[in-house]
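Asker: Just so we're on the same page, the numbering used here is the position in the sequence shown counted from 1, plus 16.
First the structure, which I've put down as structure tokens, then a few questions once you've had a look.
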Amino acid sequence: MNPTWAPYRAGLSRGWSEFKHAITTPAEVIGTLFPSVIAIIVMIFLRDVIVDGASVSLASMTLPSLLGMNIAFSGLMGIVGQLTIEREDGTLLRNKAVPGGMTGYLVGITISVSTMSIISLLIVLAPGMFLFDDVRFNGFSSVLTFIWVVVLGLFATMPIGAVFGSMFGSPRQVGLVMLPVGGLVAISGIFYPITALPEWVQWIGQTFPIYWLGLGMRSALLPAEMAAVEIGESWRHLETAGVLGLWTIIGLAIAPIVLRRMARRESGSAVAARREKAMQSPIR
17 MNPTWAPYRA GLSRGWSEFK HAITTPAEVI GTLFPSVIAI IVMIFLRDVI
67 VDGASVSLAS MTLPSLLGMN IAFSGLMGIV GQLTIEREDG TLLRNKAVPG
117 GMTGYLVGIT ISVSTMSIIS LLIVLAPGMF LFDDVRFNGF SSVLTFIWVV
167 VLGLFATMPI GAVFGSMFGS PRQVGLVMLP VGGLVAISGI FYPITALPEW
217 VQWIGQTFPI YWLGLGMRSA LLPAEMAAVE IGESWRHLET AGVLGLWTII
267 GLAIAPIVLR RMARRESGSA VAARREKAMQ SPIR
């Protein structure tokens, strides 16, 4: 076996094993299905609400936006959660001790998070296309748009998730990320057109990937005339690719540096200290 490719093969094997474990573990399956089922139920109650100036229901408009939000949330929080858990239980330290172990570890975690993100996406999309007539692929170009938005969205969010994950030594601190992410969701046009917000808020929302992922999913799954309720009355595919690509470049430039520094700080005593602190934490 070529030693150059050995870490990548190990990472592929690790990612596939973690994926199989996730889809055969009841708690993992329920955790994946439950938010998706709730989202579909909420959309059913909104299918008779029509957006001002639009020809489709609020449910049909919101469902693709939720898919975009799920990509961002899964890519970001999936990496944050897994990285902090495996720092605390010593998995990261064990991989650090193996030649090429960190490369294999990162490949594995990327594959496992990506596959689960895509499955979560399909769980909402499949019934949504049957329940809502306006949510559909409008030809082969729509399918291609859907694919590149999903792929680029994961690349744009997972490295940032790795950066945040390296900052926290315990899974109990991950909740600190939820508040700013929730704020971004509120101003990113996920639940209602962003054009209804003040212009300065629109500019803030357009700075981050969540808005562009929602826009990209709407462009792939909604009728072409729905672009009329968007900023500039356009799906802005070029801008979507540009912003997501920029976040990808920023994340891939910063994440390796931060992860290398985090790995250098990992030691047996650091892991033991985190475990002891976790055991002493009061159960609420």
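Cβ coordinates follow ideal geometry from the N, Cα and C atoms, glycine included.
Thinking K60 and L147 are a contact (beta carbons under 8 Å), I'd like their distance in whole angstroms, please.
Answerer: One-based indexing of the sequence shown puts residue 60 at position 44. One-based indexing of the sequence shown puts residue 147 at position 131. Residue identity differs from the one stated: residue 60 is Ile in this sequence, not Lys. Contact holds; Cβ gap of about 7 Å.
Asker: Ignore the nearest five residues each way along the sequence and tell me which others in L141's own chain have a CB closer than 7 Å to its CB.
Answerer: Position 125 of the sequence shown, counting from 1, holds the residue named residue 141. Closer than 7 Å at the Cβ level, and outside the excluded window around L141, lie L83.
Asker: Closer than 8 Å by C-beta to A243: which residues in its own chain qualify, once you throw out the five before and the five after it? Chain order, please.
Answerer: On the sequence shown, position 227 is the one that residue 243 refers to. Cβ within range, chain order: S235, E249, S250 and W251.
Asker: Measure the C-alpha to C-alpha separation of E241 and L28 and round it to an integer number of angstroms.
Answerer: Translated into the one-based positions of the sequence shown, residue 241 becomes position 225. Translated into the one-based positions of the sequence shown, residue 28 becomes position 12. Taking the straight line joining both Cα atoms gives about 42 Å.
Asker: Out of curiosity, what's the CA-to-CA distance linking I206 and V114?
Answerer: Numbered from its first residue, the sequence shown carries residue 206 at position 190. Numbered from its first residue, the sequence shown carries residue 114 at position 98. Looking at the two C-alpha atoms, the distance is approximately 43 Å.
Asker: For the stretch 221–237 against the stretch 198–213, are there 3 or more C-beta pairs whose distance is under 8 Å?
Answerer: yes
Asker: How many angstroms separate the CA atom of R300 from the CA atom of T100?
Answerer: To locate residue 300, count along the sequence shown from 1; it is residue 284. To locate residue 100, count along the sequence shown from 1; it is residue 84. Summary for R300: the model assigns pLDDT 44, below 50, so the residue's position carries little reliability; its value from the coordinates is reported in the next sentence. Their Cα atoms are separated by approximately 20 Å.
Asker: May I ask you to report which of helix, strand or coil DSSP gives S250?
Answerer: Numbered from 1 along the sequence shown, position 234 holds the residue referred to as residue 250. It is coil, neither helix nor strand.
Asker: Between which two residues does the alpha helix (DSSP H) containing F146 stretch?
Answerer: Residue 146 sits at position 130 when you count from the first residue of the sequence shown. Looking at the DSSP string, the run of the alpha helix (DSSP H) that includes F146 is G117 to L147.
Asker: Exposed or buried, which one is Q189 when buried takes at least 16 other CB atoms within 10 Å?
Answerer: For the purposes of this step, residue 189 is taken as the residue at position 173 of the sequence shown. Q189 comes out exposed.
Asker: Given a threshold of 16 other Cβ atoms within 10 Å of its Cβ, counted over all protein chains shown, does R281 qualify as buried or as exposed?
Answerer: For the purposes of this step, residue 281 is taken as residue 265 along the sequence shown, with counting starting at 1. So R281 counts as exposed.
Asker: With a CB to CB cut of under 8 Å and the five nearest residues on each side skipped, what residues in its chain are close to V65?
Answerer: For the purposes of this step, residue 65 is taken as residue 49 along the sequence shown, with counting starting at 1. Excluding positions up to five away in sequence, the list reads S73, L74 and A75.
Asker: Apart from the five residues on each side of it in sequence, which residues of its chain come closer than 6 Å, Cβ to Cβ, to F162?
Answerer: Mapped onto the sequence shown, residue 162 falls at position 146. For F162, where only same-chain residues beyond five positions count, the Cβ hits under 6 Å are A236.
Asker: Would you be able to state if there are at least three C-beta pairs under 8 Å between the stretch 209–217 and the stretch 26–45?
Answerer: With a cut-off of 8 Å, the stretch 209–217 and the stretch 26–45 do not count as touching, because too few Cβ pairs lie within range.
Asker: Three-state secondary structure (DSSP) at R300?
Answerer: Working through the sequence shown from its first residue, we reach residue 300 at position 284. Only weak support is given to the placement of R300: the predicted model assigns it a pLDDT of 44, under 50, and the question is left unresolved by the model.
Asker: Does DSSP classify I203 as helix, strand or coil?
Answerer: Residue mapping note: residue 203 aligns to position 187 of the sequence shown, counting from 1. In this structure, I203 counts as coil in the three-state DSSP scheme.
Asker: Since I believe G144 is in contact with L79 (beta carbons under 8 Å), could you give me their beta-carbon distance rounded to a whole number of angstroms?
Answerer: Reading the sequence shown from its first residue, position 63 is the one you call residue 79. Reading the sequence shown from its first residue, position 128 is the one you call residue 144. L79 to G144, Cβ: 5 Å. Contact.
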